[in-house]
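Below is one structure; the comments refer to it alone.
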Amino acid sequence: MYTEGSATHHREALLSSRSAKALAKLEQQTHQAFTELCQRSHTSSLQTALAATGLGLWDWNLVTDKTYYDPQWKHILGYEVEEIENHHNSFEKLVHPEDFPKVMEVLEDYLEGRIPVYEVEFRMLAKSGEWKWIFDRGRVFQWDRSGQPVQMVGTHQDITGQKLQEQALHQMRKRECLLNTIRKFIYSRSQLQPILETIANVVRQFLQTNRTVIYRFSKDENRVMAVESVNEQNQYIYLDKRQTKTSLVFPISLKLDDYQNTISPIPNSHLQVVNQENELLRWCCQNNLWGLLVIYDSSSNRHWQEWEIETLRQVSFEIAIAIQQRQLIEQVHQEIASRAIVEAQEQKTTQQLKDTQEDLKNFREKLLQNGKMANFGKLVVDVAGDIYHPIHLITAYLDPVSQYAEELIRLLEFCQQNYPKSKTEFTSEIQKLDLNFAKHDILKLLWSMRSSSERIKEIASALWSFSRLEDEKMVKADIHTGLDCVLRVLQHRLKEQPGRPRIQIIKEFGELPLVKCYASELNQVFMNILNNAIDALEERIQQDNSFIPKIWIRTEAINNPFSLVGNYSSQPSKQRKIVIRISDNGKGILPHLKKHIFEPFFTTKSKGKVGGMGLSISKQIIVEKHKGKLKFNSQLGQGTEFAIELSYKTMTYADLIQGASF
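Numbering (full-length UniProt numbering), first residue to last: 1 to 662.
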């Protein structure tokens with residue numbers, strides 16, 4: 001752990017190569033430059049602009065150790081200006097002890113020329129007592145004659161919100177990975193006991209606890225231990241029940257409707273009697289429970305997070321599905337054995353079993369789809385809101401700042417024209433300021449701020465439009481508008497990235513009528529197909545650096561040659577169709593994998609990438625909800641094309657005057 005003394009030692013080590021004589025000379029030379037920089041940083045226009053962007057300014061003289069933090073730098077942490085001393089020690093005291101070594105290491109690498117710019121993320125202590133994540137960026141802007149750095153300037157930016165979003169996304173991915181592992185094992189095993197043993201092991205390892213037990217109850221209210229998973233290092237602790245601490249008890253119900261009503265952990269009042277088996281068993285049997293999922297932990301101060309509780313709720317649901325499936329299998333086997341003579345009845349029972357299993361599978365897939373769409377929709381709305389509010393503030397400040405800038409420029413021009421030219425001091429200050437450059441540069445900066453704010457508002461608008469749910473009813477929508485909306489949302493994946501060129505989008509849009517559909521769900525289909533195309537292109541780029549990735553989007557309306565359709569005004573509505581084709585020039589799909597493309601949980605993506613549900617959900621949306629068709633054609637080494645066919649009706653004049661949009 002770094003202390004204030006060790007931090008001082010680091011600075012002294014960085015400056016050890018400078019002689020005392022050079023330091024004294026440099027201190028005199030840089031004092032005036034430091035004063036002028038601080039004076040420029042105190043101007044109201046600059047402070048207003050920095051405050052609007054959320055950046056805090058700092059300035060550090062490496063020779064004299066003089067440091068300046070502007071008010072916004074202190075306000076980011078919740079402090080008033082006078083509460084933090086303008087000294088480098090103030091910064092060192094506020095940095096998290098675990099992060100301070102990394103900060104000093106990056107600073108040393110930058111000052112020694114091993115990295116081109118000083119950029120680092122770390123935590124700082126806010127006035128409220130919480131730790132805030134800060135993105136620190138700085139540069140040396142003055143050197144002495146021997147090339148040694150003299151003065152640095154930089155900014156602080158609060159990235160706590162971004163870090164929290166990354167943490168939430170990481171937790172969601174961990175939960176989905178755990179649940180996918182459990183589901184895969186459930187479908188690959190026919191016996192219940194090995195399934196429960198695997199679930200207990202993976203849950204204990206996932207939560208990093210000492211012990212996980214799945215109990216089941218018999219009809220006479222006797223507890224029966226089904227499976228147990230114990231950390232090998234702590235297995236002897238549990239021979240004495242007094243040393244165990246029950247952290248969380250989660251009920252397992254065979255009524256699947258209970259999970260839709262948000263089944264919850266057993267109340268804390270029952271945790272106190274978890275070792276009093278009679279009372280706990282009586283409570284569980286009164287609630288018609290199959291059993292319990294119990295998490296033990298030897299630590300007494302563990303705080304269970306909401307996402308961990310939600311994960312256990314999903315795990316208990318998966319256990320209930322596995323139990324029901326095995327119970328149904330046993331029931332069917334008994335019925336088949338008792339009616340073996342009647343062949344027709346046997347076939348009927350077998351078919352009922354398959355139908356029941358398919359219903360359970362579809363139920364779980366729909367539940368997974370709803371959960372993913374809800375999480376994604378919330379994430380999109382949160383991101384759009386986070387972008388919209390700060391940019392609204394920037395936009396609100398642009399007009400007054402622009403007005404102030406124009407008035408200041410007019411004032412300077414007036415002074416320049418009317419002030420006596422014999423005043424050498426005024427002329428000298430004008431030359432230092434480089435007035436002509438400043439007049440043009442401040443207007444260019446304001447224009448750039450306005451242009452950037454409009455771009456962010458456009459992105460927020462696209463995210464907001466994409467996240468709207470209109471599944472309750474069908475609306476007449478413009479397919480091209482939906483495609484453009486999705487492309488704007490995916491712009492961060494299409495643009496050029498390090499080690500990867502920009503993905504070209506070639507749009508060949510035909511003339512399409514408005515189509516009655518579930519607009520937001522069609523957006524989800526476009527999103528799934530385009531994401532898969534981007535993934536395929538990125539995999540090919542890794543194998544061929546000279547490859548130019550492209551995606552084609554083609555639309556057309558096709559008339560049915562067998563329909564007797566006249567003009568719009570005189571004939572009734574007739575069925576026609578539109579076709580949306582999305583193709584890429586990626587690697588293509590192996591022939592033996594094509595038949596599995598639309599199966600749930602099947603994916604051709606490389607390990608480490610989440611996938612397997614997008615095309616299955618897309619086909620359900622197109623075929624079941626829109627009564628359309630979703631087809632694909634893939635040539636190995638040439639690419640893949642997905643074609644969506646949707647029917648529409650020709651419209652009368654009354655239909656044409658009704659507008660709709662995504």
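Glycine is no exception: its CB is placed at the ideal position from the N, C-alpha and C atoms.
- For T67, the enclosing beta strand (DSSP E) stretches over residues 67-69.
- Nearest C-alpha to Q324 among Q351, Y215, C517, T356: T356.
- Between the stretch 510-526 and the stretch 473-482, the count of Cβ pairs shorter than 8 Å is three or higher; the stretches touch.
- Beyond the five residues adjoining it in sequence on each side, L55 comes within less than 6 Å, by CB distance, of T155, Q157 in the same chain, given in chain order.
- By the Cβ neighbour-count rule, W58 is buried, with 16 or more other Cβ atoms within 10 Å of its own.
- If you ignore the 5 residues before and after R189, its C-beta comes within less than 7 Å of the C-beta of I195, all in its own chain and listed in chain order.
- In this structure, DSSP gives G637 a state outside helix and strand, which the three-state scheme calls coil.
- Taking the Cα of F526 as reference, the smallest distance to any Cα among Q148, K649, R502, I621 is reached at I621.
- Pairing V315 with V203 gives a Cβ-Cβ distance under 8 Å.
- When the five nearest sequence neighbours on each side are left out, the beta carbons in the same chain lying within less than 6 Å of the beta carbon of E197 are those of V227, in order along the chain.
- According to the DSSP secondary-structure assignment, I558 is paired through a beta bridge with K577.
- Contact between K619 and L630 holds: CB atoms are separated by about 5 Å, below the 8 Å threshold.
- In this structure, the alpha-carbon of I182 lies about 6 Å from that of I199.
- In the three-state DSSP reduction, F141 falls in the strand class (E or B).
- In the displayed model, R410 falls within a helix according to three-state DSSP.
- Judged by pairs of C-beta atoms under 8 Å, the stretch 486-505 does not touch the stretch 586-595, as fewer than three such pairs exist.
- Of all alpha-carbon atoms in K473, N89, E511, the one lying nearest the alpha-carbon of Y69 is that of N89.
- If you look at W307, you'll find it in the alpha helix (DSSP H) that goes 306-338.
- Here the stretch 636-647 makes contact with the stretch 575-583; the two share three or more CB pairs at distances below 8 Å.
- Per DSSP, reduced to three states, the secondary structure at T155 is strand.
- Here the C-alpha atom of M124 lies approximately 15 Å from the C-alpha atom of E83.
- The Cβ atoms of L360 and I309 lie no closer than 8 Å to each other.
- Residue environment analysis places A533 among the buried positions, since at least 16 neighbouring C-beta atoms fall within 10 angstroms of its C-beta.
- Taking the Cβ atoms as the reference, F122 lies roughly 6 Å from H96, within the contact range of under 8 Å.
- Using a 10 angstroms sphere on the CB of Y215, the tally of other CB atoms reaches 16 or more, which defines it as buried.
- DSSP lists I582, F632 as the beta-bridge partner residues of F642.
- Between the alpha carbons of H75 and E496 lies a distance of about 36 Å.
- Within the same chain, E121, Q157, I159 come within 6 Å of F135 by CB-CB distance, once the 5 residues on both sides are set aside.
- In the DSSP assignment, L57 falls within the unbroken beta strand (DSSP E) covering 55-61.
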